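Numbering (the numbering used here), first residue to last: 3 to 152.
Every residue, glycine too, gets a C-beta built ideally from N, C-alpha and C.
Nothing here was measured: the structure is a model prediction, and the numbers come from that model.
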């Protein structure tokens with residue numbers, strides 16, 4: 003049986019698509035399924051932000067095929083682990099949890115590493131450099147997650 007991991011941010015166009023692509027590149031797809039979602043439905047059906055696509059491509063990953071979707075209560079049933087990018091995402095996801103078992107599946111992504119910060123900043127309104135910074139943070143966290151899952 004595959005372990006299923008869901009990456010969650012606000013719009014599912016910047017951080018969580020990167021996290022999905024990065025973690026997929028580090029795990030055995032026969033053992034681990036990775037997906038992403040957003041807590042808001044602003045961009046459902048759209049591809050990730052071009053800046054996320056570009057920074058992923060710079061690091062040898064293709065995330066351009068991904069399609070944004072909204073987090074749903076069913077994700078608690080479908081996924082073993084749900085990693086959120088910031089405390090706002092954490093609050094939004096926890097508000098949908100029905101019990102302690104579902105709540106225990108949810109973690110801040112950066113809790114997996116010691117970077118001195120707990121939240122992956124949203125690079126949407128910043129420059130291209132912010133996307134590279136976010137990529138590096140997510141990459142370190144995904145490396146730690148992959149070691150646990152492989």
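Contact between residue 49 and residue 12 does not hold, since their C-beta atoms are separated by about 16 Å, which reaches or exceeds 8 Å. By the C-beta density criterion, residue 68 is buried, having at least 16 other C-beta atoms within 10 angstroms. Residue 33 carries a coil assignment under DSSP once its states are collapsed to helix, strand and coil.
Cβ-Cβ distances below 8 Å link residue 141 to 24, 61 in the same chain, with the five nearest sequence neighbours on each side left out; the list follows chain order. Within 10 angstroms of the beta-carbon of residue 93 lie fewer than 16 other beta-carbons, which makes it exposed.
Shortest Cα-Cα distance from residue 132 to any of 81, 84, 98, 53 involves 53. In the three-state reduction of the DSSP assignment, residue 109 falls in the strand class. With contacts defined by Cβ atoms closer than 8 Å, residue 18 and residue 40 form a contacting pair.
Residues 38, 39, 40, 45, 70, 71 of the same chain have their beta carbon placed closer than 7 Å to that of residue 14, with the five preceding and five following residues left out of the count.
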